[in-house]
Each structure stands twice: as C-alpha cells, then as structure tokens.
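Undergrad: full-length UniProt numbering applies: residue 1 is where the sequence shown begins, and numbers increase by one. Ideal Cβ positions, reconstructed from N, Cα and C, are used throughout, including at glycine.
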Amino acid sequence: MMNVCVLGIGKVGVHLINECINHPTINLVQIYNRSNKGLELYKGMLSTTQSILDLKKADLYIVALPDSVIPTLNLTKLQGLVVHTSGTVPFSDLQATNRGVLYPPQSFTKEKKISFKQIPLCLETEFKTDYSTLENFANKISNVVHQVNQQKRQKLHLAAVFANNFSNRVMGIAYDICKKNELDFKILQPLIQETFLKTQIMTPKTAQTGPAVRGDQKTIEKHIGQLKNTDLEVYKILTKSIQEKHGTEL
Numbered sequence: 001m002m003n004v005c006v007l008g009i010g011k012v013g014v015h016l017i018n019e020c021i022n023h024p025t026i027n028l029v030q031i032y033n034r035s036n037k038g039l040e041l042y043k044g045m046l047s048t049t050q051s052i053l054d055l056k057k058a059d060l061y062i063v064a065l066p067d068s069v070i071p072t073l074n075l076t077k078l079q080g081l082v083v084h085t086s087g088t089v090p091f092s093d094l095q096a097t098n099r100g101v102l103y104p105p106q107s108f109t110k111e112k113k114i115s116f117k118q119i120p121l122c123l124e125t126e127f128k129t130d131y132s133t134l135e136n137f138a139n140k141i142s143n144v145v146h147q148v149n150q151q152k153r154q155k156l157h158l159a160a161v162f163a164n165n166f167s168n169r170v171m172g173i174a175y176d177i178c179k180k181n182e183l184d185f186k187i188l189q190p191l192i193q194e195t196f197l198k199t200q201i202m203t204p205k206t207a208q209t210g211p212a213v214r215g216d217q218k219t220i221e222k223h224i225g226q227l228k229n230t231d232l233e234v235y236k237i238l239t240k241s242i243q244e245k246h247g248t249e250l
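1) Under the rule that 16 or more other beta-carbon atoms within 10 Å means buried, what is Tyr-175, buried or exposed?
2) Once you ignore the five residues that flank Thr-239 on each side, which residues in its own chain have a CB closer than 7 Å to its CB?
3) Determine the contact status of residue 262 and Leu-78, defining contact as a CB-CB distance below 8 Å.
4) In terms of residue numbering, what span does the beta strand (DSSP E) encompassing Gly-172 cover?
5) What does DSSP give as the partner residues of Cys-5 in its beta bridges?
6) Near residue 252, which residues of its chain fall below 7 Å by C-beta distance, leaving aside the five closest residues on each side in sequence?
7) So Val-83 and Leu-7 are supposed to be a Cβ contact under 8 Å. How far apart are they, rounded?
8) Leaving aside the five residues before and after Tyr-235 along the sequence, list all residues of the same chain whose C-beta is less than 7 Å from its C-beta, in chain order.
9) Among the residues of its own chain, which have a CB less than 6 Å from the CB of Gly-13, if the five just before and after it don't count?
10) With H, G and I counted as helix, E and B as strand and the rest as coil, what does DSSP make of Leu-250?
11) Around the Cβ of Glu-244, are there at least 16 other Cβ atoms within 10 angstroms (buried) or fewer (exposed)?
12) Of the residues Val-89, Lys-37, Thr-49, Glu-111, which one's Cα is nearest the Cα of Asn-18?
13) What would DSSP say about Asn-74, mapped onto helix, strand or coil?
14) Report the rounded CA-to-CA distance for Gly-210 versus Val-148, giving the unit in angstroms.
15) Among the residues of its own chain, which have a CB less than 6 Å from the CB of Ile-119, if the five just before and after it don't count?
16) Does the Cβ of Asn-22 have 16 or more other Cβ atoms within 10 Å, making it buried, or fewer, making it exposed?
17) Suppose you measure from the CA of Ala-159 to the CA of Lys-180; what does that come to, to the nearest Å?
18) Do Asn-33 and Leu-39 have their CB atoms nearer than 8 Å?
19) Rounding to the nearest angstrom, what Cα-Cα distance links Thr-206 and Phe-196 in this structure?
20) How big is the Cα-Cα spacing for Leu-16 and Leu-232?
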C-alpha cells in the first residue's frame, strides 16, 4: 500500500484525488489546499488541512498547485518524495529534500470524468533512488509511463499547447461562425472527430487537406473576404504556415 498526499484541489488535483480514492493499493492520507474552499467536500471522508506544517507522513506528496505557488512552499521537513505536476517548472523550484515531477500532458476539467489509464505520465526525479517510488505510483494509475527530463518536458508542454489549447481556440472560431450564421455546430462534429482520429494513424502533414495545401487562392480570397479582426489574422497566419510546410506558393 502506497501512502499519498495530494496538495491542491484544482483541475489536476481533483482528478488525482479521485484516482487515489478509488485505487485499492493507494492510501490517500491527506488533502491540502491553501483555502477552505472546496475542502468541505472531503471533510468527514478524508483528512484535510490548510497548513503545510500539518501535513501527515506519506511516501509521495503530489503538488498540484499553480506554477507560481510551487516555489513558495517550504516542504523541506517532509521525508517522502515531493513532486509537482507542472509541464514547465523545474523540480529544483520545489523546496524539498527529495523531489521530482509527475506531469500528465492532458486537458483536465472538473466536470468531466477521466480515467488515468490511458493518460501518459512523464516522470523525472532529482535522485535515481527516488525514481522507483514515483514509477511505482505512476504504474498504478496509468498504462503509459515515460521518463522525460526537464528540457524535453518543456518542449512537450509547448507542443501540447499547440495541439490542445490552440486547436480548441480554432474550433471556437468555427463555433462562432456557425452560431452567427444560424448553423448547427454539430454538423461539423464528424469532421472534427475524423481530423483528430487521423493523427493516430498518420502524420499531420500527410493528413493535411484544404485550400491552403491545394494552393486554391480563389477559395482563400473568398474566406478572407468573410473575416475580420483577429479571426482574419488567424486565418492568414495558419494559411501561411500550411503553405510554408507543404512548399505551396503563396
């Protein structure tokens, strides 16, 4: 049985808490949060605290708090392994004797249930002797575990922003166009699904379609004429990016 403490009840923290609660070989010793907001949901069911000084003994402490908060916590008195879940912060920002990183490159929302089994977990520890502890925990909750150092993790986080955050914003533009023109956005759902399914079987470059890769300037000009402001700039820069990648004349 592995004793675990989760610090933070944000999007990542809540999902980790639920995963620990429901796992037969993980004992969720305690939940920490800086404010009482949200902790009341767990009171009477689990040990909770708002004080770092009151943290109980555990094998693993998972800091699922904002990046700016991570360096401010004095966790040097903890004897277990302390890891954070950030994609960009180095483990050296943790004030702890034994430290590392447990980064899940995934988009989390509190309202949507998610299984960690298929979520990749990227691990890093300062000392080799601590890696087995972190790997043991990771293998309990996920089938996809990778050892990734700080430099590669930061590149992965950058790639994740393009793949998730930026693509979601582009879908937001599509949604707004549909709504403004009284079109049901659901009409595009099969297309969106097919787009992302293709990335599982071929490279994005191979899967690329549309007027930009075809060099269909007539259609591009029609689209440009229907857009303005930031949406127009987004269209132009993405069109340019596609054409440069595929060697199409602008």
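TA: In this structure, then:
1) exposed
2) Ala-212, Ile-220
3) This structure cannot settle anything about residue 262, because the visible part of the chain is limited to 1 through 250.
4) Gly-172 -> not in any beta strand (DSSP E); alpha helix (DSSP H) instead, spanning 167–180.
5) Gln-30, Tyr-61
6) What is shown of the chain runs 1 to 250, which leaves residue 252 out entirely.
7) With a Cβ gap of about 10 Å, Val-83 and Leu-7 do not count as contacting.
8) His-223, Ile-224, Leu-227
9) Val-6, Ala-64
10) Note that Leu-250 has pLDDT 43, beneath the 50 cutoff, so the model's placement of it is unreliable and the number below is only indicative. The answer is coil: DSSP assigns Leu-250 none of H, G, I, E or B.
11) exposed
12) Glu-111
13) strand
14) 35 Å
15) Pro-104, Gln-106, Ser-142
16) exposed
17) 31 Å
18) yes
19) 13 Å
20) 40 Å
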